[in-house]
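I have placed the structure first, in the form of structure tokens, so that the comments after it can refer back to it.
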Amino acid sequence: MEKEEQSNNNQKPIGKVVHYFDKVQVAVVSVLEPFVVGETIKIVGPNTEFTQVISSIEKNHQKISKAEKGDMVGLQVLEKVKKGYLIYRAQ
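Using our numbering, the first residue of the sequence shown is number 43, and each one after it goes up by one.
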């Protein structure tokens with residue numbers, strides 16, 4: 043396991059931020075494990091950590107209800123994120 047993807051409280055990340063669009067508050071996420079709209083996630087960076095409910099997922103500019111492993115999707119986020127931030131299922 044890469045150093046930056048070490049677990050958070052023994053949790054495996056379900057996604058990794060690869061880009062952030064500031065004006066629309068959307069994170070582009072590389073999906074490591076499936077997740078769905080309505081699920082509560084925790085986004086963790088070096089100096090920040092916050093929890094939110096997934097309100098929408100987009101793939102190729104189309105709304106989808108479930109992100110699958112290997113997908114590259116857009117997620118609306120409540121706070122600014124940066125490349126490399128990890129996404130976990132909230133406990």
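Beta carbons are placed, not taken as given, at the ideal position from N, Cα and C, and that holds for glycine. Keep in mind the model is a prediction, meaning the values are calculated, not measured.
**OP:** Could you check if Lys125 is buried or exposed, using at least 16 other CB atoms within 10 Å of its CB as the buried criterion?
**Re:** Your numbering for residue 125 matches position 83 in the sequence shown. By the neighbour-count rule (16 or more Cβ atoms within 10 Å), Lys125 is not buried but exposed.
**OP:** Look at the Cβ atom of Val73, then the Cβ atom of Ala109, and state whether they are nearer than 7 Å.
**Re:** In the sequence shown, residue 73 corresponds to position 31, counting from 1. In the sequence shown, residue 109 corresponds to position 67, counting from 1. Ala109 sits close to Val73, with the two beta carbons spaced by under 7 Å.
Original post:
Which residue spans inside the stretch 83-124 form an unbroken alpha helix (DSSP H) run of at least 4?
Top reply: Entirely contained in the stretch 83-124, not one alpha helix (DSSP H) run reaches 4 residues.
**OP:** Determine which residues share a DSSP beta bridge with Lys58 and list them.
**Re:** Numbered from 1 along the sequence shown, position 16 holds the residue referred to as residue 58. Its beta-bridge partners are Ser72 and Leu128.
Original post:
In or out: Phe92 buried (at least 16 other Cβ within 10 Å) or exposed?
Top reply: In the sequence shown, residue 92 corresponds to position 50, counting from 1. Its Cβ having fewer than 16 others within 10 Å, Phe92 is exposed.
Subject >> Span separating the alpha-carbon of Pro55 from that of Lys111 >> reply: What you label residue 55 is simply residue 13 of the sequence shown in a count that begins at 1. What you label residue 111 is simply residue 69 of the sequence shown in a count that begins at 1. Their backbone Cα atoms lie some 11 Å apart in a straight line.
Original post:
What does Val30 pair with, by DSSP beta-bridge criteria?
Top reply: There is no way to answer for residue 30, as the model of the chain reaches only from 43 to 133.
Original post:
Is the beta carbon of Val115 less than 7 Å from the beta carbon of Ala69?
Top reply: Working through the sequence shown from its first residue, we reach residue 115 at position 73. Working through the sequence shown from its first residue, we reach residue 69 at position 27. No. Outside cutoff.
Original post:
Would you call the CB atoms of Ser98 and Gln67 closer than 7 Å?
Top reply: Here the question's residue 98 lines up with position 56 in the sequence shown. Here the question's residue 67 lines up with position 25 in the sequence shown. For the pair Ser98 and Gln67, the CB atoms are not nearer than the 7 Å cut-off.
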